[in-house]
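Working notes for the structure below.
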Amino acid sequence: MLMQLHTGHIPLKQYLFRICHSKTPVCPHCGNLIVESIKHYLFVCPHYACKRHAFLHRKLGCKAELLSYILSIPNALKPLFDFVIALKQFQPDTTPRLLC
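Residue numbers for the sequence shown follow this note's numbering, so the first one is 181 and each next one is one higher.
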């Protein structure tokens with residue numbers, strides 16, 4: 181998962197749309213043409229605000245909003261992974277979805 185976050189090859193709408201596995205890159209919770217990017221998913225999306233606070237802000241403070249910090253500091257990785265796992269967004273999906 182760490183490498184996926186670094187490269188952007190992670191199953192969020194922005195990447196899935198790029199590889200023809202989603203009809204739209206828009207966040208399913210926000211709409212209004214807000215792209216579900218890594219930064220939106222980790223730091224902005226209001227749908228995840230409570231869990232973001234519990235897993236990231238409480239443990240990392242204000243640095244919890246810096247992608248470069250979260251992805252490079254060993255002490256930040258456990259809260260990051262705990263947060264992503266708690267969201268249950270990246271469940272295995274075996275359904276082929278080529279849409280292009």
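Glycine is no exception: its CB is placed at the ideal position from the N, C-alpha and C atoms.
Treat the numbers as computed from the prediction; the structure is a model and nothing was measured.
Counting only the Cα atoms, H189 lies some 19 Å from Y249.
DSSP lists V206 as the bridge partner or partners of V215. Pairing C210 with K193 gives a Cβ-Cβ distance that is not under 8 Å.
For Q184, the secondary structure class from DSSP, reduced to helix, strand or coil, is helix. Classified as exposed, S252 has fewer than 16 neighbouring CB atoms from the shown chains inside 10 Å of its CB. One alpha carbon belongs to N255, the other to V264, and they sit about 15 Å apart. Under a 10 Å Cβ-count criterion, C225 is classified as buried, with 16 or more other Cβ atoms of the shown protein chains found around its own Cβ.
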